[in-house]
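Inspection log for the structure reproduced underneath, given as structure tokens.
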Amino acid sequence: MYFKSKDISMYYEKYGNGKDIMLILPGWGETRKTFDKIIEYYKNIYTIYIMDYPGFGNTKFPSRDLTIYDYALLIKEFMISEKISNPVLLAHSFGGRIAIILTGYFNIKIEKMILMDIAGIRRKSIKRWLKQKIYKFRKKCSVFLPKCFRKNYLKRLKNKYGSTDYNNLGKNMIKTFTNVINEDLRKYVNKISSQVLLIWGMRDIDTPLKDGYFFNKKIKDSALIIFPYGTHFTYLEYHIQILSIIDCFVNNT
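Each residue of the sequence shown is one higher than the one before, starting from 41 at the first, in my numbering.
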């Protein structure tokens, strides 16, 4: 199924017919298929909605740059269109950025959220700053290379200094990716009034555990569950344990 908003036709799938609704917001580059085990477990309890973001899965990327606010607005419009009110929201990584804006900026009422290894904090370390400076300097120097060597040189630079997510992008999505990761969402976190369950892997190097501690401190009604051997994908590595934890959280009134 598709939801149309301006120049974006967002693909989504709907499972189950439960009275309560679960809205799943995947991470960057993930699709609905990543959450098969969660969907299979909950589809007889909830009506579940999950989508492919622009540029991933079955949703084409528009001919313009997007910001994190564009992504969040798209989900907000989708919720209005489908009459999704006060769902249980489950988000991973990039999906957490959208969840923060939905609740902390758009002030959408969501009683319970499960946020797993989420993004949203921008930290510019000295190491990262230095890598960016070296990359920009070497890129400028490439103009002095013969044209036949320049393309291959720039490709090697990109592979060496870019992140994995960045290097996997096409040209039309690079500016969007930069827009997203450069937006620091800490200013909205203390405005979240939802009950929040934070799930984190201690070995997460993409969104480190200190981010989890920050969210736990700033979100008034929150709890943080840490998996000592978990990485950025705890929901895949420990899905049985996590489903039990989510059950306790959503059923605790």
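Every residue gets a Cβ at the ideal spot worked out from N, C-alpha and C, and that includes glycine. The model shown is predicted, which means the values in this text are computed figures rather than measured ones.
Annotation for Ala263: the continuous beta strand (DSSP E) segment containing it runs Ser262 to Phe267. In this model, Val290 and Lys44 are separated by some 31 Å (Cα to Cα).
Nearest neighbour of Leu129 by Cα position, chosen from Pro94, Leu249 and Asp60, turns out to be Asp60.
Minimum Cα-Cα distance from Leu264 among the listed residues Ile64, Ile286 and Ile115 corresponds to Ile286.
Residue burial annotation: Pro268 is exposed, with fewer than 16 other C-beta atoms found within 10 angstroms of its C-beta. Runs of the alpha helix (DSSP H) spanning 4 or more residues and lying entirely within the region 224 to 252 occur at 226 to 229, in chain order. Taken in chain order, the whole beta strand (DSSP E) runs of length 3 or more contained in the region 87 to 118 number zero. Rounded to whole angstroms, the separation of the alpha carbons of Ser121 and Tyr81 is 26 Å. Put simply, the backbone Cα of Tyr55 is about 14 Å away from that of Tyr42. In terms of Cβ geometry, Ile148 and Leu142 form a close pair [threshold 8 Å]. In this structure, the CA atom of Leu63 is about 6 Å from the CA atom of Ile90.
Scanning the region 119 to 152 for uninterrupted beta strand (DSSP E) segments of 3 residues or longer gives 128 to 132, listed from N- to C-terminal end. At a Cβ-Cβ threshold of 8 Å, Gly67 and Phe134 count as neighbours. Between the alpha carbons of Asp76 and Lys187 lies a distance of about 47 Å. Distance from the Cα of Ile239 is smallest, within the candidate group His132, Asn222 and Lys260, for His132.
Cβ-Cβ separation between Lys231 and Gly144: approximately 4 Å, consistent with a contact (criterion under 8 Å). Taking C-beta atoms under 8 Å as the contact rule, Val236 and Ser262 qualify, at a distance of about 4 Å. Counting only the Cα atoms, Pro127 lies some 15 Å from Asn292.
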